[in-house]
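Numbering (mature numbering (1 follows the signal peptide of the UniProt record, and there is no 0)), first residue to last: -19 to -1, 1 to 484.
#1: Restricting to runs no shorter than 4 residues, where is the alpha helix (DSSP H) found entirely within the region 360 to 442?
#2: Measuring CA to CA, which of 72, 23, 32 and 45 is closest to residue 367?
#3: Look up residue 58 in the DSSP assignment and give the residues it is bridged to.
#4: Taking the Cβ atom as the reference point for each residue, do residue 297 and residue 356 lie within a distance shorter than 8 Å?
#5: Rounded to whole angstroms, what's the CA-CA distance from residue 70 to residue 415? Just pull it up for me.
#6: Kindly indicate which three-state DSSP category residue 478 falls into: helix, strand or coil?
#7: Please confirm if the region 436 to 444 is in contact with the region 92 to 111, defined as three or more CB-CB distances below 8 Å between the two stretches.
#8: Whose C-beta lies closer than 7 Å to the C-beta of residue 484 among residues of the same chain, with five residues either side of it excluded?
#9: Is residue 201 buried or exposed, if buried means 16 or more other CB atoms sit within 10 Å of its CB?
#10: In the DSSP assignment, what are the bridge partners of residue 470?
#11: Take residue 402 and list the residues in its own chain whose beta-carbon comes closer than 8 Å to its own, dropping the five residues that flank it on each side.
#12: Judging by CA-CA distance, which residue of 12, 115, 28 and 11 is the nearest neighbour of residue 19?
#13: Quick check: residue 476 and residue 252, are their CB atoms within less than 8 Å of each other?
#14: Round the Cβ separation of residue 211 and residue 450 to the nearest angstrom and send it over; I've been treating them as touching at under 8 Å.
#15: On the DSSP letters alone, give me the boundaries of the alpha helix (DSSP H) that residue 449 sits inside.
#16: Going straight from the alpha carbon of residue 428 to that of residue 123, what length do you get?
#17: With a Cβ-Cβ cutoff of 8 Å, do residue 379 and residue 358 count as a contact?
#18: Express the C-alpha separation of residue 312 and residue 128 in angstroms, rounding to a whole number.
#19: Counting only the same chain and skipping the five closest in sequence on each side, list residues whose C-beta sits under 7 Å from that of residue 205.
#20: Once you ignore the five residues that flank residue 165 on each side, which residues in its own chain have a CB closer than 7 Å to its CB?
#21: Mark residue 219 as exposed unless 16 or more other C-beta atoms lie within 10 angstroms of its C-beta, in which case mark it buried.
#22: Can you name, in chain order, every residue of its own chain whose Cβ lies under 7 Å from the Cβ of residue 80, other than the five neighbours on each side?
#23: Look at the alpha carbon of residue 16 and the alpha carbon of residue 87, and state the distance between them as a whole number of angstroms.
#24: Grouping DSSP H, G and I as helix and E and B as strand, with all else coil, what is residue 484?
#25: For a minimum of 3 consecutive residues, which ranges assigned as the beta strand (DSSP E) are wholly contained in the region 254 to 337?
#26: Can you tell me whether residue -17 is buried or exposed? The criterion is at least 16 other CB atoms within 10 Å of its CB, across all chains shown.
#27: Can the beta-carbon of residue 196 be found less than 8 Å from the beta-carbon of residue 238?
#28: I'd like to confirm the pairing. Which residues does DSSP put opposite residue 155 in its beta bridges?
#29: List the DSSP bridge partners of residue 456.
#30: My guess is that residue 161 and residue 299 are in contact by the Cβ rule of under 8 Å, so how many angstroms apart are they, rounded?
#31: Between 314, 183 and 225, which has its C-alpha nearest residue 203's C-alpha?
#32: For residue 324, is the classification buried or exposed, using 16 other Cβ atoms within 10 angstroms of its Cβ as the cut-off for buried?
#33: Give the C-beta separation of residue 353 and residue 383 to the nearest angstrom, bearing in mind that I take them to be a contact with Cβ-Cβ under 8 Å.
#34: Only counting the same chain, and skipping five residues up and downstream in sequence, which positions put a Cβ closer than 6 Å to that of residue 547?
#35: Considering only C-alpha positions, which residue in the set 32, 12, 314 and 131 is nearest to residue 331?
#36: Please say whether residue 399 and residue 448 have beta carbons closer to each other than 8 Å?
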């Protein structure tokens, strides 16, 4: 009898949950919005977003290409409705024209005291707090600042050449992700914090190990992330922490560096600008931004600089190098351009920034392999999507399928072909606005774009002047990591570097 009662209660509960789920999963259909296929009761499309075998950008593209004349499509994260926009004009509306409705990215309000650093990061900040932080950080990335840091970046590019030279004594090929990861970490450590990690000299460092550990996805971490995405309110009630132990390592390093700066000379770098804002915010005569930055904010942006600059830039350089190895004619053409502007093997900042074919090769790589293949914005007030009757409520999330826009044959001829000429003048002027978004678009685009491009251009120029890059025999396909998240090359993606003979 007891078993029958338990079974009956279970049937009632399951039926009620399924009915509740079905009701919520009709949200978009009731509003006349096409819904992405594959939604499951309760889960919605969550299982599609985290699959290792079928990356999110491919699933989003499958949906994108099935929309026909529709410019929007509905998704469900569990039972929460989100909207994907699939039209360049809507992209520009959300990211630029109607930016005041979409100032925020998706907000995760972590409640654990251990997660204060995560909450203070620029990518997580919202509203006026985001604007204030951005106003302080922006001067770090002007062309003048870039030119001033150029010699420091060049030193690290030369150190990378030495690293490659040493590696070739015992190896026939070099793993790209490790090689360029060491380089980007060295650059950030030097330019942002005045520290030398010796990663390239030793082939590893404590810094490097800690950063790599942050990007490793353990089963426990994946379970916590999925739990948070599925049950955000419960996660906050439980005060679950999502800050990895390695973050506290960098926190301690940065705090110690700040103490040294306070007692010594300033370098005029990223860290100094934030410290000046903190110190001068109450001085009415100071020209420094008055927006107050507390210590946790300074630490958070410093850690974000390390994490964002390390992985994304290393991935991009790896993609460019491999594509040039696959396409020898483009590599030779680029090398010729670099030889024409190099003086005794050295290229000035101005000449590097004006190297049109180098810029075109990187731009085309970012089109084919945008590291951030999908971006989101969160609605801050009710918004009617232009050209539709869809009304978004406050806190609704809009997604933009960057990879799909980059590969759409309506905007790009032969979209799967590596063709840098697309980005040469006057071809570049013919690219439809809203279809190319490797660094985002509008006021909330990637703040470190100029720095990342300078860093990538300089190291590629140095390598191409000294080495010919070719694919490892039998391994001439570009393979991607299966770890969900950003688009990354696989860890074992390698190339053969052959020293150039002096002509």
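Glycine included, every Cβ here is placed at the ideal spot set by N, Cα and C.
Answer, in terms of the structure:
#1: 383 to 387
#2: 72
#3: 25 and 61
#4: Residue 297 places its beta carbon 8 Å or farther from that of residue 356.
#5: 7 Å
#6: strand
#7: no
#8: Only weak support exists for where residue 484 lies, its pLDDT of 47 falling under 50; the coordinates are left without a value.
#9: exposed
#10: 461
#11: 341 and 408
#12: 28
#13: no
#14: In this structure residue 211 is not in contact with residue 450, their Cβ atoms being roughly 44 Å apart against a cut-off of 8 Å.
#15: It is not in any alpha helix (DSSP H) - residue 449 instead sits in the beta strand (DSSP E) that spans 448 to 452.
#16: If you take the alpha carbons of residue 428 and residue 123, they lie about 10 Å apart.
#17: A contact, by the Cβ cut-off of 8 Å.
#18: If I take the Cα positions, the gap works out to 26 Å.
#19: 221 and 223
#20: 290, 291, 294, 295 and 436
#21: exposed
#22: For residue 80, the CB contacts under 7 Å within the same chain, skipping 5 residues up- and downstream, are 423 and 424 in chain order.
#23: 21 Å
#24: Confidence at residue 484 is low in this model, with a pLDDT of 47, below 50, so the placement of that residue is unreliable and no value is reported for it.
#25: none
#26: Per the 10 Å Cβ criterion, exposed.
#27: no
#28: 476
#29: 453.
#30: 5 Å
#31: Nearest C-alpha to residue 203: 225.
#32: exposed
#33: In this structure residue 353 touches residue 383 by the C-beta definition: roughly 7 Å separates them, less than 8 Å.
#34: Here the chain has residues from -19 to 484 only, and residue 547 is not among them.
#35: Ranking 32, 12, 314 and 131 by Cα distance to residue 331 puts 131 first.
#36: no
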